[in-house]
Amino acid sequence: MGDKGKKKLRSESWFNPEDAKSAFIHRSWLRNQGYPNDYFEGRPVIGICNTWSELTPCNGHLREFAEFVKRGVLEAGGVPFEFPVTSMGEILMRPTAMLFRNLASMDTEESIRANPLDGVVLLTGCDKTTPATVMGACSVDLPTIVVPGGPMLNGKYKGERIGSGTFVWQLKDKIKNEGFTPEDQIEAEVCSARSAGHCMTMGTASTMACMVESLGLTLPGAAAIPAVDSRKKVLAQLSGRRIVEMVKEDLKLSKILTREAFENAIKLNAAVGGSTNFIIHLQAIAGRIGVDLNLQEFDTLGSKIPLLVNLMPSGKFLMEDFFDAGGLPVVIREMKQHLHNNAITVNGKPIGENNKKAECYNPEVIAPLEQPFLEEAGIAVLYGNLCEDGAVIKPSAATPELMTHRGKAVVFETIEEFLSTVDDPDLEIDEHSVMVLKGVGPVGYPGMAEVGNMDLPEKILKKGIKDMVRISDGRMSGTAFGTVVLHISPESSVGGVLALVQSGDYIVLDVPNRKLHLEVTPEELEKRKASWSPPKPPSDRGYVNLYTKTVQQAHLGADLDFLNGKSGDEVTRDAH
Ligand code: FES
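Quick note: the sequence shown uses our numbering, first residue 990, plus one each step.
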């Protein structure tokens, strides 16, 4: 490298510039960590972008993984530097980890651009850590490879599979109606988190891992390998080797993240029964790399795709079963007639070729295309006067009988009102009602929390009812289920029609015809709008203020408006 005819590496402008003083400064301080001369003589410099944090338990093992990536980078002749970026643990962060996805993406983008890096390895795991780092990396557009941290081992409780997240949504019912004791609860807590790794249902983290593999951003088969399986370490090492080659080939993100790659990801997400959060993250990634993708396309491309994977929350197995059955490569092979098989992936080969020999070892977990678990599994996009810019529902997680439903609205103006009144025996609600939650969108919560799958009222659960139609401008955990309409856009806090719904109004949900309609006349809506005023902003300073002023609505991916697109990898001025 650095020889005549070879493209100069980006890092060489730091380590081998004409100016001796600059070269001294850039190399000398790094040497305090004990690097030999040849580290600065034209070897590809690889950044290992680590979302490790003890406060993000799903990513708690990623420090160890970074060592395996380093091993691979060194073997291939590169030079690795690990660096931290903002991590987001889904479980602990308040008000919601999603509020910080865009912040972490900025951190990732600027950390990559500002440093002497030629290629990047993204170490990710918990839900938001994958899209955030990919979004940031897209805005720089260097050669980049993702190493998903992997799911936890299957949860097992009293001999039964217990899915992380999914079990939580059943807890209220179990305590109220099935005699579940505090001791049972403590035992179940341990049983649902047996090992390092992220949620082992097809929740958002597994969905994101499948998304990056479908986009071609991982080595084949990466998504489903459990975090503690030795093969995950091998994957990290091989990814370290491969990124060095990618730098030499100048295989940048924009060469992989083509329109075809995005279409493949939408179709494969449907086939695996992935989370509704997939939409919002994929759109944000597309916005960064410059591929035009609108909400309607998720329905057009994905809704008729059959469900091939039998994993919770739509089905009964877990990620370890998925891995043992052959993982995503089997789904990619089964789906070949629907995919752009020539889409290039990080190993330089087309996705179709990478996966053509994948074998299914358990048809109970991964079905053949001709005998799917469900004929149509993708996400449906709804329109109507209640969601002029769209709303989404995941039919595979919903109750078929409720997919066409007309019911009276029971409105909760805020999440606090919902929590304090839902179990009130005097609440006027029955199983035919439509539960409506406002103020949980990108601006309103703020951060568009995963509260759309509201718990049912106690008195309804006691009747043995497990599902009702629920609608909101929020999101739902990928581990959740139910007839839940989400991502209503525009949201209530910016004056969407959702803000004007009152208890007692009739709402029509018609998923087959993709409609969500509020049966209130335009004149009455005008009247209500005239007396509506927006809620007080949650903060007048800091990041939250910046976020609420610039966040885009859900149908656009909820990125900050000034972050769309990319600035590339060039930095014209030095610090010295
Ligand atoms: Fe981190 Fe589910 S809480 S992946």
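Every residue gets a Cβ at the ideal spot worked out from N, C-alpha and C, and that includes glycine.
{"Query": "Backbone CA spacing between Gly991 and Ala1121 [nearest angstrom]", "Result": "Confidence at Gly991 is low in this model, with a pLDDT of 42, below 50, so the placement of that residue should be treated as unreliable; the coordinate-derived value is given next. Those two C-alpha atoms are separated by around 33 Å."}
{"Query": "Cβ pair count under 8 Å reaching 3, the region 1267–1282 against the region 1106–1124", "Result": "yes"}
{"Query": "Cβ pair count under 8 Å reaching 3, the region 1243–1261 against the region 1525–1538", "Result": "no"}
{"Query": "Buried or exposed (CB count within 10 angstroms, at least 16 for buried), Arg1562", "Result": "exposed"}
{"Query": "Neighbourhood of Phe1470 by C-beta, 6 Å cutoff - its chain only, sequence neighbours within 5 removed", "Result": "Pro1302, Ala1386"}
{"Query": "With 16 other Cβ atoms within 10 Å as the buried cut-off, status of Tyr1028", "Result": "buried"}
{"Query": "Completely contained alpha helix (DSSP H) runs for the region 1129–1190, where each covers 4 or more residues", "Result": "1155–1166, 1171–1180"}
{"Query": "Any non-hydrogen atom of the ligand FES closer than 7 Å to Ala1369 Cβ", "Result": "no"}
{"Query": "Per-residue burial, Lys1325 [other beta carbons within 10 Å of its own, 16 or more giving buried]", "Result": "exposed"}
{"Query": "Residues that Pro1073 bridges to, as DSSP identifies them", "Result": "Asn1039"}
{"Query": "Distance cut-off 7 Å: Thr1561 Cβ against heavy atoms of the ligand FAD", "Result": "With respect to small molecules bound, the structure shown includes the ligand FES and not the ligand FAD."}
{"Query": "Boundaries of the beta strand (DSSP E) in which Arg1395 is found, first to last residue", "Result": "1393–1401"}
{"Query": "Ser1264 Cβ short of 7 Å to the ligand FES heavy atom set", "Result": "no"}
{"Query": "Every unbroken alpha helix (DSSP H) inside the region 1240–1318 [4 residues or more]", "Result": "1242–1245, 1248–1261, 1266–1278, 1284–1291, 1308–1313"}
{"Query": "Given 8 Å, three or more beta-carbon pairs between the region 1389–1401 and the region 1493–1500", "Result": "yes"}
{"Query": "Beta-carbon proximity list for Pro1524, same chain, < 8 Å, skipping 5 on both sides", "Result": "Gly1428, Gly1433, Ser1482"}
{"Query": "Length of the line joining the Cα atoms of Glu1234 and Arg1060", "Result": "14 Å"}
{"Query": "Proximity test, His1050 beta-carbon vs the ligand FES heavy atom, cut-off 7 Å", "Result": "no"}
{"Query": "Between the CA atoms of Asn1005 and Gly1031 - distance to the nearest angstrom", "Result": "8 Å"}
{"Query": "Cβ-based neighbour list, His1329, same chain, cut-off 7 Å, excluding 5 preceding and 5 following", "Result": "Glu1249, Glu1252, Asn1253"}
{"Query": "Coil, strand or helix - Ser1385 by DSSP", "Result": "helix"}
{"Query": "Within-8 Å CB hit, Glu1348 to chain C", "Result": "The structure shown contains no chain C; it is built from a single protein chain."}
{"Query": "Segment limits, alpha helix (DSSP H) that includes Leu1227", "Result": "1219–1238"}
{"Query": "One or two residues paired with Pro1339 in a DSSP bridge", "Result": "Ile1333"}
{"Query": "Beta-carbon proximity of Val1298 to Met1191, cut-off 8 Å", "Result": "yes"}
{"Query": "In chain order, each beta strand (DSSP E) run of at least 3 residues that lies wholly inside the region 1515–1557", "Result": "none"}
{"Query": "For Glu1210, three-class secondary structure by DSSP", "Result": "First, the amino acid is wrong: residue 1210 is Gly here, not Glu. If DSSP states are grouped into helix, strand and coil, Gly1210 belongs with coil."}
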